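So the structure is just underneath, and the comments pick up after that.
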């Protein structure tokens with residue numbers, strides 16, 4: 033199998049990107065934390081539609097994990113990831129160590145408002161998006177890529193990163209890609225491998241409930257009543273619900289009716305020890 037180029041330093045990556053740009057080639061970045069699945073490969077394929085060269089970063093970013101979260105046990109499958117990326121004909125992997133990203137004395141974070149402070153995942157993971165924005169800002173400037181591709185599964189993250197890139201004039205286009213799903217509707221996620229067989233069978237209920245809720249809202253059902261009943265269905269099925277809410281699709285501000293603008297349904301719930309998130313448009 034073809035070996036894929038691996039950059040472990042910013043300098044090595046920048047040198048290659050500079051050569052690509054000198055040759056008139058656009059460069060796309062696909063930021064990941066590894067443990068790749070077909071959803072990630074779909075991001076690579078989308079990146080190839082926007083640029084001649086594609087770099088996939090693999091970095092389990094410690095600054096976006098709270099102390100009680102799964103940083104140490106987050107799945108790390110580097111050799112398998114590289115094989116998948118080589119098969120997908122990605123051009124390179126950026127695989128930095130923590131010291132390359134956060135050298136001694138590192139002391140800078142990004143202050144976030146807007147879609148990062150709307151009472152969704154930020155309510156349950158208050159430092160998460162600060163860590164995401166910081167590492168993404170670094171990856172964007174380190175890679176000097178022309179565009180970066182993000183999946184819609186992490187919808188609030190997508191909006192946070194898009195807003196940050198625009199607000200800080202980073203000169204990179206953020207390209208969204210629809211959520212890649214298993215045949216039963218479960219959104220693909222590296223964390224799905226944590227699910228027991230019993231919980232894996234139950235997990236697609238989240239998507240099913242949201243589909244039914246979206247249909248009710250399109251039929252002009254009362255928004256508050258429909259959302260409340262959908263929340264109850266998720267809880268009754270055995271999930272620990274963090275939130276299921278209808279929000280404005282761009283600002284993520286709360287909405288009270290379909291007249292408030294395009295609506296996105298967002299959910300986060302735990303089953304066993306695994307936290308699942310999903311979202312769909314109404």
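Residue numbers (the numbering used here): 33 to 314.
Glycine included, C-beta positions come from ideal geometry on N, C-alpha and C.
Computed from a prediction, not measured in an experiment: that's the story for all the values here.
If I follow the unbroken alpha helix (DSSP H) through residue 267, where does it start and stop?
The residue labelled residue 267 in the question sits at position 235 within the chain shown. Residue 267 -> alpha helix (DSSP H) spans 255 to 268.
Could you work out which residue in 223, 219 and 251 is closest to residue 238 when comparing CA atoms only?
Counted from its first residue, the chain shown places residue 238 at position 206. When only C-alpha atoms are compared, the closest one is 219.
Would the segment 130 to 139 and the segment 48 to 58 be scored as touching if the rule is three or more Cβ pairs under 8 Å?
As far as the Cβ criterion goes, the segment 130 to 139 does not touch the segment 48 to 58, which means the pair count is below three.
Can you name, in chain order, every residue of its own chain whose Cβ lies under 6 Å from the Cβ of residue 174, other than the five neighbours on each side?
Counting from 1 along the chain shown, the entry for residue 174 is found at position 142. If we look at residue 174 and ignore the five residues flanking it on each side, its Cβ neighbours are 42.
Is the separation between the beta-carbon of residue 144 and that of residue 126 shorter than 7 Å?
Locating residue 144 in the chain shown gives position 112, where the first residue counts as 1. Locating residue 126 in the chain shown gives position 94, where the first residue counts as 1. No. Outside cutoff.
Can you list, in chain order, the residues of its chain whose CB lies under 7 Å from that of residue 70, leaving out five sequence neighbours each side?
The residue you call residue 70 lines up with position 38 of the chain shown. Answer for residue 70: 212 and 220, listed in chain order.
Determine whether the Cβ of residue 81 lies closer than 7 Å to any Cβ atom of chain C.
Among the protein chains of the structure shown there is no chain C, as only one such chain exists.
Around the Cβ of residue 288, are there at least 16 other Cβ atoms within 10 angstroms (buried) or fewer (exposed)?
The residue you call residue 288 lines up with position 256 of the chain shown. Classification of residue 288: exposed, given that the 10 Å Cβ count is below 16.
Note down the Cα distance separating residue 105 from residue 261, rounded to an integer number of angstroms.
What you label residue 105 is simply residue 73 of the chain shown in a count that begins at 1. What you label residue 261 is simply residue 229 of the chain shown in a count that begins at 1. Those two C-alpha atoms are separated by around 35 Å.
Tell me the DSSP bridge mates of residue 310?
On the chain shown, position 278 is the one that residue 310 refers to. Answer is 299, bridged to residue 310.
Roughly how many angstroms lie between the CA atoms of residue 39 and residue 292, to the nearest whole one?
Working through the chain shown from its first residue, we reach residue 39 at position 7. Working through the chain shown from its first residue, we reach residue 292 at position 260. Each residue's alpha carbon lies about 46 Å from the other.
Does the beta-carbon of residue 72 have 16 or more other beta-carbons within 10 angstroms, so that it is buried, or is it exposed?
Counted from its first residue, the chain shown places residue 72 at position 40. Counting Cβ neighbours within 10 Å, residue 72 comes out buried, since at least 16 surround it.
Determine the direct distance from the alpha carbon of residue 124 to that of residue 37, and round the result to whole angstroms.
Position 5 of the chain shown holds residue 37. Position 92 of the chain shown holds residue 124. When rounded, the distance between both Cα atoms is 5 Å.
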